[in-house]
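Participant: Provided herewith is a single structure, encoded as structure tokens, for subsequent inquiry.
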Amino acid sequence: MPAIHGIIVHQTGGPTADSAFNSYKAGNSGAHLLIDLDGTIYQTARLNQKTWHVGKLRARCVAELKCSAPKKWDPSGTNKTEMAKAWPDRYPSNEDAIGIELVARFDAKAGYDSATNEQNAALSWLVSELQASLGLNAMEVFRHPDVSYKQSTEAASAKWRP
Numbered sequence: 008m009p010a011i012h013g014i015i016v017h018q019t020g021g022p023t024a025d026s027a028f029n030s031y032k033a034g035n036s037g038a039h040l041l042i043d044l045d046g047t048i049y050q051t052a053r054l055n056q057k058t059w060h061v062g063k064l065r066a067r068c069v070a071e072l073k074c075s076a077p078k079k080w081d082p083s084g085t086n087k088t089e090m091a092k093a094w095p096d097r098y099p100s101n102e103d104a105i106g107i108e109l110v111a112r113f114d115a116k117a118g119y120d121s122a123t124n125e126q127n128a129a130l131s132w133l134v135s136e137l138q139a140s141l142g143l144n145a146m147e148v149f150r151h152p153d154v155s156y157k158q159s160t161e162a163a164s165a166k167w168r169p
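Take this note's numbering: the final residue in the sequence shown is number 169, and no numbers are missing along the way.
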């Protein structure tokens with residue numbers, strides 16, 4: 008990645024770090040960093056390496072009340088429009104965002120498990136370190152469903168601000 012503009016916080020949907028590592032090996036998706044249930048942080052990709060963790064972008068201008076919502080539901084079309092924009096007119100994407108995943112089970116009825124206290128402590132420390140070392144704006148750290156069309160409980164219990 009030529010520039011890093013933000014951080015996207017995810018949850019894995021699997022019960023263990025090993026399940027996430029196995030998913031990454033399949034090659035379809037992955038993040039830069041993984042935080043296990045006990046707070047252990049694993050770096051799984053170089054920070055300047057593009058990884059596939061964001062998905063189709065939502066329209067940032069809609070969330071910021073700077074434009075109207077599209078007249079029809081078209082995530083692919085919205086993503087194409089958003090990706091034609093330069094940051095900060097769009098959310099950080101696979102092209103310019105660091106992905107951090109928290110290990111957490113997912114249940115179709117209940118949603119994602121809550122982040123552990125150890126995960127939140129590690130996440131808070133990690134985000135602070137990345138912001139300081141990379142000069143990232145504190146307002147450019149997002150939960151995955153805030154920027155993409157994902158399950159609303161993903162990273163709902165993640166806490167990175169002191």
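The beta-carbon is built from N, C-alpha and C at its ideal position, and this holds for glycine as well.
Just to confirm the assignment, what range does the alpha helix (DSSP H) spanning Y49 have?
Facilitator: As a first step, residue 49 is located in the sequence shown; it is residue number 42 there, counting from the start. Unbroken run through Y49 is the beta strand (DSSP E), I48 to Q50; no alpha helix (DSSP H).
Participant: When the Cβ atoms of the stretch 60-73 are set against those of the stretch 138-148, are three or more pairs found closer than 8 Å?
Facilitator: No: the two stretches stay apart, fewer than three of their Cβ pairs being nearer than 8 Å.
Participant: Which whole-angstrom value describes the C-beta separation of V148 and W167, a residue pair presumed to lie in contact below a C-beta threshold of 8 Å?
Facilitator: Numbered from 1 along the sequence shown, position 141 holds the residue referred to as residue 148. Numbered from 1 along the sequence shown, position 160 holds the residue referred to as residue 167. The Cβ separation is near 6 Å, so the contact holds.
Participant: Under 8 Å by Cβ, that's how I've got L64 and Y98 pegged, so tell me the actual separation to the nearest angstrom.
Facilitator: Here residue 64 corresponds to residue number 57 of the sequence shown, with the count starting at 1. Here residue 98 corresponds to residue number 91 of the sequence shown, with the count starting at 1. Rounded, the Cβ-Cβ distance is 5 Å, consistent with contact.
Participant: DSSP puts D114 in a beta bridge; with which residues?
Facilitator: The residue labelled residue 114 in the question sits at position 107 within the sequence shown. For D114, which the question treats as bridged, DSSP gives the partners G118.
Participant: With respect to the beta strand (DSSP E) encompassing H17, which residues constitute its N-terminal and C-terminal limits?
Facilitator: As a working note, residue 17 is residue 10 in the sequence shown. H17 -> beta strand (DSSP E) spans G13 to G20.
Participant: Run through DSSP, which three-state label would E108 get?
Facilitator: In the sequence shown, the residue the question calls residue 108 occupies position 101. In the structure shown, E108 sits in a strand (DSSP, three-state: E or B).
Participant: Alpha helix (DSSP H) containing R65: first to last residue?
Facilitator: By 1-based counting over the sequence shown, the position of residue 65 is 58. From DSSP, R65 is part of no alpha helix (DSSP H); its letter is neither H nor E.
Participant: Which one of R53, S159, V134 and G46 has the shortest CA to CA distance from A117?
Facilitator: Within the sequence shown, numbered from 1, the residue matching residue 117 stands at position 110. Ranking R53, S159, V134 and G46 by Cα distance to A117 puts S159 first.
Participant: Can you say whether V134 is buried or exposed, counting buried as having 16 or more other CB atoms within 10 angstroms of its CB?
Facilitator: Position 127 of the sequence shown, counted from the start, is the residue given in the question as residue 134. V134 comes out buried.
Participant: Residues in the same chain with beta-carbon distance under 6 Å from K157, minus the five sequence neighbours each way, listed in chain order, please.
Facilitator: Within the sequence shown, residue 157 is the residue found at index 150, counting from 1. H151, listed in sequence order.
Participant: Measuring only the C-alpha atoms, how far is L44 from T58?
Facilitator: For the purposes of this step, residue 44 is taken as residue 37 along the sequence shown, with counting starting at 1. For the purposes of this step, residue 58 is taken as residue 51 along the sequence shown, with counting starting at 1. Approximately 22 Å between the Cα atoms of the pair.
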